[in-house]
Amino acid sequence: MKRFPDDFVFGAATAAFQAEGAITEGGKGETYWEKYLADQGAFDPSQASDFYHKYPVDLQLAKEFGINGIRISIAWSRIFPEGVGEPNQEGVDFYHRLIDECRKKNVEPFVTLHHFDTPYVLYKKGDWLSKEMVDAYVNFARFCFEEYGDKIRYWITINEPWSVVAGQYIIGHFPPNIKYDLPKAIQSMHNMMVGHARVVQAFKEKQIDGEIGIVHILESKYPITDTAENKKAAMYENILANQFLLDATLKGEYTPETLSVIHSILEENNGELVIDDEEALLLKSAASAIDFLGINYYASHFLQEYNGESQILHNGTGEKGSSIFALKGVGERVNNPEIPTTDWDWPIYPQGLEDMLTYIKERYPNYKKIYIAENGLGDKDILEGDTVVDTNRIDYVRLHLQSILNCLDKDINISGYFIWSLMDVFSWTNGYNKRYGLFYVDFATQERYPKESAFWYKKISEERILS
Ligand code: BGP
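Counting in our numbering, the sequence shown runs from -1 upward without gaps.
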């Protein structure tokens, strides 16, 4: 396959809290980020890319540059400032205006209901570890289906459950900043999958004319050398970060292999996973009902055996080579000298995307279709004149699009690609100097400048071939 199909979506992605800014405008409530980021003092999310005001400009740029799909998310705390209760009309109206503008510009909106932004009040009650949160999330989703169901075609329940729990309970760089608590992480992932399943059920019951799916970050895991111990480490991390969620999403149950590895990790880390019968039924029915799987892919990992206590150092500065990621009962990520990495130590390995897609086709043959919902290169871009020469980004995206073409050739049903991100936004744990956008944002003036990658992407989208 040398061409992308005519109906293949060439999109770009955003997320409400990273793009909108205006965090105290329009009656918006707080998420768990505001206080945490203010206490930390590292960077200020209050303006972000000012998408709250500049969305017509960004959508106009999308249209001009051949981008025909956009991932946006609805900030739950704009609609329900306290997570539950009476809706906030100003927030409700904002998303009507935003979606209408997407339609006007012929940029298809793919709308996420939870993108790392639990309302603060529900976070304080335990976030995904509490039943109250899951109930409130289902109510919020129902409200959105009622309110916007006639104008949104593509819905995403949750963005990246793994990143949420890894950030909250393993790495500790998302509130509540707990480190190495694998049992909490695993329970929370399961609860998120139950929330997802209940929302899929609500969507199908309402008979909304549209499609619903979930987005997972899926990074391939390889043994650094072929010893039995290193293979086991790679297999364990794959099951923890990928297969556990994919089983829940597409099989509707955790297979015995998955459960035995999860139980072994839990045993090493002194915890347990609680699944009740009703939840098991819910997962089962959602697995056959969902319409698509979204995959976010940035990197893959190489692992070796690890027998010590968990130890993690997050590289949030772009100082190459400073990361450590070793999990008790799982394994340790190590540098593969043959594979290039970004300044944030993310291995650049397009083959990993191809391997992941092949694994999904083989292990979950009932998947219906796939969107690559995020992929892109975080870099320290420099504005020169009125553009950015981001050759590295073009090379990165070209290689990943080539992997997608290879998979289309293998009859893997991939319907679209969303570059992360449309314009520069802030990065949750890295601030504003890790840029991904097709459009450079001068955060002081909020002016947008198309990078060279934007012109290149437009050409690909128009010609449907890689150049
Ligand atoms: C994904 C998230 C995005 C975005 C992206 C880049 O995990 O869904 O919200 O942030 O990663 O990651 P980062 O900003 O950490 O470089």
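Positions of the beta carbon are idealized from the N, C-alpha and C atoms, including for glycine.
Please indicate yes or no: does the CB of residue i lie closer than 7 Å to some heavy atom of the ligand BGP?
{"i": "Glu217", "result": "no"}
{"i": "Asn157", "result": "yes"}
{"i": "Ala13", "result": "yes"}
{"i": "Lys432", "result": "yes"}
{"i": "Gly81", "result": "no"}
{"i": "Glu372", "result": "yes"}
{"i": "Phe114", "result": "yes"}
{"i": "Gly124", "result": "no"}
{"i": "Ser321", "result": "no"}
{"i": "Thr467", "result": "Any answer about residue 467 is impossible in this case: the structure gives the chain only from -1 up to 465."}
{"i": "Gly9", "result": "no"}
{"i": "Trp74", "result": "no"}
{"i": "Ser161", "result": "yes"}
{"i": "Gln16", "result": "yes"}
{"i": "Gly383", "result": "no"}
{"i": "Trp418", "result": "yes"}
{"i": "Trp31", "result": "no"}
{"i": "Thr339", "result": "no"}
{"i": "Ser425", "result": "yes"}
{"i": "Gly376", "result": "yes"}
{"i": "Asn428", "result": "yes"}
{"i": "Asn411", "result": "no"}
{"i": "Asn294", "result": "yes"}
Alpha carbons only, please: which of the options is nearest the one belonging to residue i?
{"i": "Asn267", "options": "Thr223, Gln349, Asp179, Tyr362", "result": "Asp179"}
{"i": "His398", "options": "Gly383, Glu270, Gly414", "result": "Gly414"}
{"i": "Glu450", "options": "Glu144, Lys432, Ile410, Leu381", "result": "Leu381"}
{"i": "Phe424", "options": "Ala14, Glu23, Gln400", "result": "Ala14"}
{"i": "Ile184", "options": "Ile273, Ala200, Leu311, Asp384", "result": "Ile273"}
{"i": "Asp125", "options": "Glu336, His188, Lys149, Tyr93", "result": "His188"}
{"i": "His485", "options": "Gln16, His94, Tyr34, Ala40", "result": "Past the boundaries of the shown model lies residue 485; the chain is included only from -1 to 465, so the question cannot be answered."}
{"i": "Asn313", "options": "Phe323, Trp342, Phe290", "result": "Trp342"}
{"i": "Glu330", "options": "Ser320, Gly306, Ile337", "result": "Gly306"}
{"i": "Phe63", "options": "Leu464, Glu460, Phe6", "result": "Glu460"}
{"i": "Trp418", "options": "Ser401, Tyr394, Ile412", "result": "Tyr394"}
{"i": "Leu271", "options": "Gln302, Arg196, Lys182", "result": "Lys182"}
{"i": "Ser321", "options": "Gly327, Val328, Asn333", "result": "Asn333"}
{"i": "Asn373", "options": "Phe6, Ala226, Ile402, Ile358", "result": "Ile402"}
{"i": "Tyr135", "options": "Tyr146, Arg196, Ile168", "result": "Arg196"}
{"i": "Phe141", "options": "Glu130, Tyr121, Gly83, Lys177", "result": "Gly83"}
{"i": "Ile168", "options": "Asn404, Ile310, Asp422", "result": "Ile310"}
{"i": "Lys359", "options": "Val386, Leu325, Asp409", "result": "Asp409"}
For residue i, count neighbouring Cβ atoms within 10 angstroms of its own Cβ and tell me buried if that reaches 16, exposed if not.
{"i": "Gly89", "result": "buried"}
{"i": "Thr155", "result": "buried"}
{"i": "Thr247", "result": "buried"}
{"i": "Pro254", "result": "exposed"}
{"i": "Asn294", "result": "buried"}
{"i": "Ser286", "result": "exposed"}
{"i": "Ser75", "result": "buried"}
{"i": "Leu355", "result": "buried"}
{"i": "Ala297", "result": "buried"}
{"i": "Pro54", "result": "exposed"}
{"i": "Gly292", "result": "buried"}
{"i": "Thr223", "result": "exposed"}
{"i": "Asn482", "result": "For the chain, the structure presents residues -1 to 465; residue 482 sits outside this window and is missing."}
{"i": "Thr22", "result": "exposed"}
{"i": "Asn428", "result": "buried"}
{"i": "Asn104", "result": "exposed"}
{"i": "His94", "result": "exposed"}
{"i": "Pro3", "result": "exposed"}
{"i": "Ser475", "result": "In the structure as shown, the chain begins at -1 and stops at 465. Residue 475 is therefore absent and cannot be evaluated."}
{"i": "Pro338", "result": "exposed"}
{"i": "Leu279", "result": "exposed"}
{"i": "Gln205", "result": "exposed"}
{"i": "Ser186", "result": "buried"}
{"i": "Asp384", "result": "exposed"}
{"i": "Ala36", "result": "exposed"}
{"i": "Arg69", "result": "buried"}
{"i": "Ser47", "result": "buried"}
{"i": "Lys52", "result": "buried"}
{"i": "Asp440", "result": "exposed"}
Would you say residue i lies against chain D (beta-carbon separation less than 8 Å)?
{"i": "Leu420", "result": "Among the chains in the structure shown there is no chain D, since it carries only a single protein chain."}
Contiguous beta strand (DSSP E) assignments of at least 3 residues, all confined to the stretch 145 to 186
Qualifying beta strand (DSSP E) stretches, in chain order: 152 to 157.
Counting only runs that start and end within the stretch 255 to 300, where is the beta strand (DSSP E) found for 3 or more residues in a row?
Entirely contained in the stretch 255 to 300, the beta strand (DSSP E) runs reaching 3 residues are, in chain order, 290 to 294.
Which runs of the beta strand (DSSP E), 3 residues or longer, sit entirely within the stretch 202 to 244?
Taking only runs of at least 3 residues, the beta strand (DSSP E) segments lying wholly in the stretch 202 to 244 are 209 to 215, 219 to 221.
Extract the residue ranges of the beta strand (DSSP E) inside the stretch 339 to 387, only unbroken runs of 3 or more that lie entirely within it.
As far as the stretch 339 to 387 is concerned, its whole beta strand (DSSP E) runs of at least 3 residues are 368 to 373.
To test your reading of the DSSP string, which unbroken beta strand (DSSP E) runs of 3 or more residues are found completely within the stretch 2 to 84?
Those beta strand (DSSP E) runs which fall completely within the stretch 2 to 84 and span 3+ residues are 7 to 11, 67 to 71.
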